[in-house]
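Structure first, commentary second.
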Amino acid sequence: MNKKILIESISGIRGIIDQGLTDFAIYDYTNAYHNFCPEGKIVIGRDSRPSGAFYVKKITQFLNDLGRTVIDCGIVPTPTVQFIVEDSDAIGGIVVTASHNPAEWNGLKFLASDGCFLNGEEFHSLINLKGKESKKINSVGNKIKSEDAIDQHILKICNLKWIDIEKIKRRKFRVAIDTVNGAAAIALPKILLKLGCEIVTINCETSGHFTRGTEPLPENLIDLCNLVLESKSDLGFATDPDADRLAVINNKGKAIGEESTLVLAVDSFLRKNKVKSPIVTNLSTTLAVEKVSEKYDVKVLRSAVGEINVVEMMKKYGSIIGGEGNGGVILKDVHLGRDSLVAAVLILNRLSLTNSTISDIMLNFPHFEIIKEKISIDILKDDLFDLISSSFNNAQICRDDGLKLSWEDRWIHIRKSNTEPILRIYVEASTLEQAKNLVNMVKTIVSG
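Basically this note's numbering = 1-based index in the sequence shown + 10.
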């Protein structure tokens, strides 16, 4: 990848510091966001990357000079910024983060007044305002330092009526955590301690020194798996740098995969809440969500990949819970955004309902094997998706986001990346052998 490229996607921008992500880019996009927003306060927060402090200072001063008051939350999870925007009189928010990209990257995510990411139409409007003269605001801009953003966020979660705090406390869970020295380093220990947990930590400082792979994938969580075993913990939690995703380690020291986070959270929610509204997830998330939801007679709807797409569908159908198979759980009763703290509390609440371990609970869920691969591709042939779909029999075909072929016990999802010249292939089946066969069949068609 060209180091000077600035990646622009629906959730914002990201690039390598001082190369793709230049000072000019920061000012240009911040000014466009200022022009996009109505008058009012803007909330800002960041993950733990050292460069974040510099960008927050520059952005805050720039917005102050334009007459904007900025509420600075400091180093906090992305979902904390989202919650504060929704819960306050702010008209928007900026998160300084490059999410799961390496430490030499940073970026900006832009929020609407409801704390959600901008949708496609809104982001397109923002982009059209780049390079424009700054609009005038008849007010004096100030900086307000928020010292309790995390506490407010935690209080909102713990005040959910169907979360049995006392029952969780009585279990006295021992939890091993790895926050990759990111934005959850303060928030995750704090909420676990509030729930009466004993915590054992690794990579749990706000240094921004990412000592493992930034995504909470099994191959990056070997040290946490070992820590769960060594400390005899009941389970382990891992987050990504901006703390919107959560992965779980079971009591046997095994990373059970990010797909299982949403499955556990949905099961936890439906055990305590009788709802008629659907669960919403994306097209690339495990079938286990359907299988679990069926037990409670609740329907599952699927959106295009991307948090805002899930959120927009949740809004449309009045859904209370949804999420994505990358460890992102969305609970409307807190805010409409992926939230690792919400996910952690839902999972602990599920554990508190019985004396079962994570391993025991997972045995009651249907087992699927999921494979996620990508192929470099410069040009997508016009007839490729037609060719692939015609090569498989009796599949339900969906073209909402690339191509998805579905059967009762397996599926294939193929989509072109919006930011890289690659084709993403997602496959799930009852066995690993079946999943591998499906992947190989797709690869053969693509390469042909």
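In this text, a Cβ means the ideal position worked out from N, Cα and C, and glycines have one as well.
Taking the alpha-carbon of G338 as reference, which of K67, A257, A197 has the nearest alpha-carbon? Of the residues K67, A257, A197, the one whose Cα lies closest to the Cα of G338 is A257.
Looking at the structure shown, is R281 part of a helix, part of a strand, or coil, going by DSSP? Note: R281 maps to helix in three-state DSSP.
For my contact list, L293 and V315 are in at a C-beta cut-off of 8 Å; report their separation, rounded to the angstrom. The beta carbons of L293 and V315 sit about 6 Å from each other, so the pair counts as a contact at 8 Å.
So, with DSSP's three-state summary, where would you put H219? Looking at H219 - three-state DSSP - the assignment turns out to be coil, as it is neither helix nor strand.
Can you list, in chain order, the residues of its chain whose CB lies under 7 Å from that of E383, leaving out five sequence neighbours each side? Result list for E383: I435, V449, in chain order.
Report buried or exposed for T441, applying the criterion of at least 16 other Cβ atoms within 10 angstroms of its Cβ. T441 is exposed by the Cβ-count criterion.
Closest by CA to V308, which one among E322, V321, S329? With distances taken between Cα atoms, V308 lies closest to S329.
Rounded to whole angstroms, what is the Cα-Cα separation between F127 and F402? For F127 and F402, the gap between their C-alpha atoms comes out near 37 Å.
Coil, strand or helix - E132 by DSSP: Helix, per DSSP.
Whole angstroms is fine: what's the gap from I23's alpha carbon to I17's? Answer to the nearest angstrom: the Cα atoms are 6 Å apart.
Please give the ranges of any alpha helix (DSSP H) in the segment 315–397, keeping only runs that are unbroken, at least 4 residues long and fully inside the region. Fully enclosed alpha helix (DSSP H) runs of 4 or longer: 317–327, 350–362, 368–373.
Let me know the secondary structure DSSP gives C168 once reduced to three states. Correct three-state label for C168: helix.
Taking the alpha carbon of S399 as the reference point, which residue from G458, I387, I167, I422 has its own alpha carbon closest? Residue I422 is the option with its Cα nearest to S399.
Euclidean distance between Cα positions of A193 and I104: Going by the C-alpha atoms only, they are around 15 Å apart.
Beta carbon of H385, beta carbon of I368: below 9 Å? Note on identity: in this sequence residue 385 is Ile, with His being the wrong assignment. No, Cβ-Cβ distance for I385 and I368 is not below 9 Å.
Along the chain, where does the alpha helix (DSSP H) containing G62 start, and where does it finish? In the DSSP assignment, G62 falls within the alpha helix (DSSP H) that extends over 61–75.
For I101 and S123, which I take to be in contact (beta-carbon distance under 8 Å), what is that distance rounded to the nearest angstrom? With a Cβ gap of about 5 Å, I101 and S123 count as contacting.
Can you give me the C-alpha to C-alpha distance between R409 and V276, rounded to a whole angstrom? R409 and V276 have their alpha carbons spaced roughly 26 Å apart.
Residue from K284, I209, K282 whose Cα sits closest to the Cα of A248: When C-alpha distances from A248 are compared across K284, I209, K282, the shortest belongs to I209.
My understanding is that V185 touches S109, with C-beta atoms under 8 Å, so please give their C-beta distance in whole angstroms. Between S109 and V185 the Cβ distance is about 24 Å, and since that is not below 8 Å, they are no contact.
Report the residue from T291, A298, I212 whose alpha carbon sits nearest the alpha carbon of E322. The residue with the shortest Cα to Cα distance from E322 is T291.
So, I81 versus I52, is the Cβ gap smaller than 9 Å? Taking C-beta atoms as the reference points, I81 and I52 count as a pair closer than 9 Å.
Should R222 be labelled buried (16 or more other beta-carbon atoms within 10 Å of its own) or exposed? With 16 or more Cβ atoms within 10 Å of its Cβ, R222 is classed as buried.
Rounded Cβ spacing between V437 and I167 (contact assumed at less than 8 Å): Actually they are not in contact, since the Cβ atoms of V437 and I167 sit about 34 Å apart, beyond 8 Å.
What is the C-beta distance between R255 and R360, in whole angstroms, given that I count them as a contact (C-beta under 8 Å)? The pair is not a contact, with the Cβ atoms about 18 Å apart (cut-off 8 Å).
Kindly give me the distance between the Cβ atoms of V95 and G125, rounded to whole angstroms, as I take these residues to be in contact under 8 Å. The Cβ separation is near 4 Å, so the contact holds.
Does the Cβ-Cβ distance between T189 and C214 come in under 9 Å? Contact annotation: T189 and C214 have beta-carbon atoms nearer than 9 Å.
Taking 8 Å as the cut-off, is the beta-carbon of I340 closer than that to any non-hydrogen atom of the ligand FMN? This structure does not include the ligand FMN; it has no bound ligands of any sort.
Cβ contact (3+ pairs, closer than 8 Å) linking the segment 256–271 and the segment 223–240: Flag = yes, the segment 256–271 and the segment 223–240 touch.
Counterpart residues of G22 in DSSP-defined beta bridges: Note: G22 sits in a beta bridge opposite S19, K119.
Could you compute how far the alpha carbon of H163 sits from the alpha carbon of T90? Straight-line Cα distance between these residues: approximately 6 Å.
Relative to the C-alpha of I455, which residue among Y327, G412, D396, E430 is closest? For the residues Y327, G412, D396, E430, the minimum Cα distance to I455 belongs to D396.
When DSSP labels each residue in this structure, what does H423 get in the three-state scheme? H423 falls in the strand class under three-state DSSP.
Can the beta-carbon of I380 be found less than 9 Å from the beta-carbon of I432? No, they are not a contact pair.
According to DSSP, what are the bridge partners of D188? DSSP lists I212, A248 as partners of D188.
Please name the residue in W172, D38, S416 whose C-alpha comes closest to that of K68. Comparing Cα-Cα distances from K68 to each of W172, D38, S416, the minimum goes to D38.
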